[in-house]
Amino acid sequence: MKTNRIIKKSLMNNSRINNIVNFFSALLFISLAAFPVHANESSQHHSGKHSSKKLTNFGPGDHYQHNMAINLSEYKKVKNISKLASDLPKPLNRKQSEIVEIKLEAFEVISKIAPNILYHYWTFNKTVPGPFLRVRENDTVVLSLHNDKSSSHSHGIDLHAVTGPGGGMAVTKTEPGDTKTLTFNATAPGLFIYHCAAGNPATHIANGMYGLILVEPKQGLPKVDHEYYIMQGELYTHGRLGKKGYQKFSSQKMLDEHPEYIVFNGRTGALVKDGQLNAKVGDKIRMFIGNAGVTKVSSFHIIGEIFDRVYPEAGLSSPIKNIQTTLIPAGGATVVEFKVDYPGDYVLVDHALARADRGAWGILHVTGEKNDSLYFGDSDFSDDDNAHHKEH
Ligand SMILES: [Cu+2]
């Protein structure tokens, strides 16, 4: 009874929200049509820290040159910005729809792209990517977004799992210190990106505001031994690759589509050592992989593995088999599944391999028995490698 009432209430709220959203969408459309270049900046919370210089920009978002002179001490320091690849909720394993409450927090922090290279990240819940959200097909999701009072900007959320204006952005644009709530029905199963779309959306994504939401199909997904959560992203720093110290965001490099860093899970080295992925010979693995972009398409590959199954572009209905490399569009995702058959370190990459040098790599470490019939050879790789170096 109570549940029914809540659902009714949320649907009523939805229709009321929809009316309001439609009205404001129409208003927004009219104002954008009238002033295509001058989207409303005064409603954005910029703390007056931006350069007055403007970039030529014909998009509907903010067009100021994003060049903030921030005081690092005003922001929380986070030691490790990266979301652990193993940090995601377990399969839902339920037979009925539910009302799912999700709380997210837009939080700007200072953390490290690489040792001694600091960056002003904008996040959901202080990690990049943000939390892995997991709901079931036809669940009613009540998502509240709080924007921390220390934020330099307004933030919001667009979930690609949502049907409606802005994927939720139209009702979640939140000023620092405020909270907004979006209620939606997760009608379509699949793995979807979510991201902030406030102000200049590309800037908010590039700074770290993205994550994945899985809408499990009613029948669930096949059982596996390990699931992992990985997102590729790009960082546009003023200083070139490897330049030490605090690095500001460069609007110009983003417009030019020249990221200095291309990384998995927020920073260089996130999926290595303490962050590496682990498995035993015989384990079945599933990876949920998203590409935040904002400009590059990812050619996802694991060196020395073949994906038994790929769900192309994360459509969960019909996997394809025995795939080497799969494309992940900017703002898209994929799901890959495979069994690990032989021990060793398997390197995750974007096979546009120059990007590994910009940070896009990680390790899947597999332990267990060797199988000579599968793979055999003199594998003393490190000695060969040293000999090779001595020759030069
Ligand atoms: Cu934002």
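Oh and the sequence shown: position 206 is 596 in the numbering used here, straight run, nothing missing.
Glycine included, every Cβ here is placed at the ideal spot set by N, Cα and C.
Here the structure is a predicted model, which is why all the values come from computation and not from measurement.
### Query
Closest by CA to isoleucine 692, which one among Pro719, Pro479, Ile620 and Arg657?
Numbered from its first residue, the sequence shown carries residue 692 at position 302. Taking only the C-alpha atoms, the option nearest isoleucine 692 is Ile620.
### Message
Based on DSSP bridge pairs, tell me the residues matched to alanine 496.
### Response
For this step, residue 496 is matched to residue 106 along the sequence shown. Here alanine 496 is bridged, per DSSP, to Phe514 and Asn537.
### Query
Is DSSP giving arginine 526 helix, strand or coil here?
Along the sequence shown, one-based indexing puts residue 526 at 136. In this structure, arginine 526 counts as strand in the three-state DSSP scheme.
### Task
Please go through the same chain and pick out, in chain order, the residues whose beta-carbon is closer than 6 angstroms to the beta-carbon of lysine 643, but skip the five residues on each side of it.
Numbered from its first residue, the sequence shown carries residue 643 at position 253. So the list reads Tyr626, once near-sequence residues are dropped.
### Message
Can you tell me where the beta strand (DSSP E) holding isoleucine 696 begins and where it ends?
### Response
Along the sequence shown, one-based indexing puts residue 696 at 306. Looking at the DSSP string, isoleucine 696 is not in any beta strand (DSSP E), and its letter there is neither H nor E.
### Query
How should aspartate 762 be labelled, buried or exposed, when 16 other C-beta atoms within 10 angstroms of its C-beta is the threshold for buried?
Along the sequence shown, one-based indexing puts residue 762 at 372. Classification for aspartate 762: exposed.
### Query
So which of Pro479, Phe697 and Pro521 has the shortest CA-CA distance to lysine 473?
Locating residue 473 in the sequence shown gives position 83, counting from the first residue. Comparing Cα positions, the closest option is Pro521.
### Message
Since leucine 371 and alanine 475 should fall inside the 8 angstroms C-beta cutoff, what is the C-beta to C-beta distance between them, to a whole number of angstroms?
### Response
In the structure as shown, the chain begins at 391 and stops at 782. Residue 371 is therefore absent and cannot be evaluated.
#### Entry: glutamine 637 - containing beta strand (DSSP E), residue span
For this step, residue 637 is matched to residue 247 along the sequence shown. Residues 635–637.
### Message
Measuring CB atoms only, is the stretch 683–691 touching the stretch 715–735, in the sense that at least three cross pairs come out at less than 8 angstroms?
### Response
A contact is defined here as three or more CB-CB pairs under 8 angstroms, and the stretch 683–691 meets this definition with respect to the stretch 715–735.
#### Entry: Cβ contact (3+ pairs, closer than 8 angstroms) linking the stretch 671–679 and the stretch 726–736
Result yes; three or more Cβ-Cβ pairs closer than 8 angstroms.
### Message
Within 8 angstroms, do at least three Cβ pairs link the stretch 518–536 to the stretch 569–576?
### Response
By the Cβ rule, the stretch 569–576 counts as touching the stretch 518–536, because three or more pairs are nearer than 8 angstroms.
### Query
Measuring CB to CB, does isoleucine 460 end up less than 8 angstroms from serine 501?
In the sequence shown, the residue the question calls residue 460 occupies position 70. In the sequence shown, the residue the question calls residue 501 occupies position 111. 8 angstroms or more divides the Cβ of isoleucine 460 from the Cβ of serine 501.
### Query
Just to check, is the beta-carbon of lysine 599 closer than 7 angstroms to a non-hydrogen atom of ligand 1?
For this step, residue 599 is matched to residue 209 along the sequence shown. A small fix is needed here, since residue 599 is methionine in this sequence, not lysine. Yes, since a heavy atom of ligand 1 falls inside the 7 angstroms radius drawn around the Cβ of methionine 599.
### Task
Could you check the C-alpha separation between tyrosine 618 and glutamate 491 for me, to the nearest Å?
Taking the sequence shown and counting its residues from 1, one reaches residue 618 at position 228. Taking the sequence shown and counting its residues from 1, one reaches residue 491 at position 101. Looking at the two C-alpha atoms, the distance is approximately 23 angstroms.
### Task
Please state whether DSSP places histidine 616 in a helix, a strand or coil.
Taking the first residue of the sequence shown as position 1, residue 616 is located at position 226. Histidine 616 falls in the strand class under three-state DSSP.
### Message
Tell me the DSSP secondary structure of arginine 745 in three-state form.
### Response
On the sequence shown, residue 745 is found 355 positions in, with the first residue counted as 1. Reduced to three states, the DSSP call for arginine 745 is helix.
### Task
Might you give, ordered along the chain, the residues of its own chain that have their beta carbon closer than 7 angstroms to the beta carbon of glycine 556, omitting 5 neighbours on each side?
The residue labelled residue 556 in the question sits at position 166 within the sequence shown. Once the five neighbours on either side are set aside, the close Cβ partners of glycine 556 are Asp548 and Ala587.
### Query
Quick one: Cα of lysine 760 to Cα of leucine 738, how far?
Position 370 of the sequence shown, counted from the start, is the residue given in the question as residue 760. Position 348 of the sequence shown, counted from the start, is the residue given in the question as residue 738. Between the C-alpha atoms of lysine 760 and leucine 738 there is a straight-line separation of about 21 angstroms.
### Task
Leaving aside the five residues before and after serine 487 along the sequence, list all residues of the same chain whose C-beta is less than 6 angstroms from its C-beta, in chain order.
Residue 487 sits at position 97 when you count from the first residue of the sequence shown. So the qualifying residues of the chain are Asn528 and Asp529.
### Task
May I ask whether a heavy atom of ligand 1 can be found less than 7 angstroms away from the beta carbon of alanine 592?
Numbered from its first residue, the sequence shown carries residue 592 at position 202. Not so, every heavy atom of ligand 1 lies at least 7 angstroms from the Cβ.
### Message
For a test of your reading of the model: does the CB of alanine 496 fall under 7 angstroms from any non-hydrogen atom of ligand 1? Yes or no.
### Response
By one-based count along the sequence shown, residue 496 stands at place 106. Correct: alanine 496 has its Cβ closer than 7 angstroms to ligand 1.
### Message
Less than 7 angstroms separating the Cβ of histidine 510 from some heavy atom of ligand 1?
### Response
Mapped onto the sequence shown, residue 510 falls at position 120. No; taking the cut-off as 7 angstroms, the Cβ of histidine 510 has no heavy atom of ligand 1 nearer than that.
### Query
So does alanine 596 have its beta carbon nearer than 7 angstroms to some heavy atom of ligand 1?
The residue you call residue 596 lines up with position 206 of the sequence shown. No - ligand 1 has no heavy atom lying nearer than 7 angstroms to the Cβ of alanine 596.
#### Entry: leucine 588: CB within 7 angstroms of a non-hydrogen atom of ligand 1
Residue numbering aside, residue 588 sits at position 198 when the sequence shown is read from its first letter. In the sequence as displayed, the identity of residue 588 is alanine instead of leucine. Indeed, a heavy atom of ligand 1 lies less than 7 angstroms from the Cβ.
### Task
Just the C-alpha distance for glycine 558 and lysine 634, rounded to the nearest angstrom, thanks.
For the purposes of this step, residue 558 is identified with residue 168 of the sequence shown, where counting begins at 1. For the purposes of this step, residue 634 is identified with residue 244 of the sequence shown, where counting begins at 1. Straight-line Cα distance between these residues: approximately 38 angstroms.
### Query
Between histidine 545 and ligand 1, is the CB less than 7 angstroms from at least one heavy atom?
One-based indexing of the sequence shown puts residue 545 at position 155. Because some heavy atom of ligand 1 lies under 7 angstroms away, the Cβ of histidine 545 counts as near it: yes.
### Query
Quick one: what's got a C-beta closer than 7 angstroms to aspartate 735's C-beta in the same chain, skipping five residues either side?
Position 345 of the sequence shown holds residue 735. So the list reads Ile753 and His755, once near-sequence residues are dropped.
### Query
When we look at the beta-carbon of glycine 598 and count the other beta-carbons within 10 Å, is it buried (16 or more) or exposed?
One-based indexing of the sequence shown puts residue 598 at position 208. Note on glycine 598: 16 or more other CB atoms within 10 angstroms of its CB, so buried under the neighbour-count rule.
### Task
May I ask you to report which of helix, strand or coil DSSP gives lysine 663?
Taking the first residue of the sequence shown as 1, we reach residue 663 at position 273. Correct three-state label for lysine 663: helix.
### Task
Return the CA-CA distance between glycine 659 and proline 505, expressed in angstroms with no decimal places.
For the purposes of this step, residue 659 is identified with residue 269 of the sequence shown, where counting begins at 1. For the purposes of this step, residue 505 is identified with residue 115 of the sequence shown, where counting begins at 1. Computed Cα separation, rounded: 10 angstroms.
### Residues near phenylalanine 766 in its chain [Cβ-Cβ closer than 8 angstroms; skip 5 each side]
Mapped onto the sequence shown, residue 766 falls at position 376. In the same chain as phenylalanine 766, and ignoring 5 residues on each side of it, no C-beta atom comes closer than 8 angstroms to its own.
### Task
Return the Cβ separation of threonine 724 and glutamate 703 in integer angstroms, given the expectation that the two are a contact with Cβ distance under 8 angstroms.
In the sequence shown, residue 724 corresponds to position 334, counting from 1. In the sequence shown, residue 703 corresponds to position 313, counting from 1. That belief holds up - the Cβ atoms of threonine 724 and glutamate 703 are roughly 6 angstroms apart, short of 8 angstroms.
### Query
Can you tell me whether DSSP reads histidine 628 as helix, strand or coil?
Here residue 628 refers to the residue found at position 238 when the sequence shown is read from its first residue. Histidine 628: coil per DSSP, three-state reduction.
### Task
Hey, could you find the ends of the alpha helix (DSSP H) aspartate 646 is sitting in?
Looking up residue 646 in the sequence shown gives position 256. Boundaries of the alpha helix (DSSP H) harbouring aspartate 646: 641–646, taken from the DSSP string.
### Query
Can you give the Cα-Cα distance for histidine 648 and serine 544, rounded to whole angstroms?
To locate residue 648, count along the sequence shown from 1; it is residue 258. To locate residue 544, count along the sequence shown from 1; it is residue 154. In this model, histidine 648 and serine 544 are separated by some 26 angstroms (Cα to Cα).
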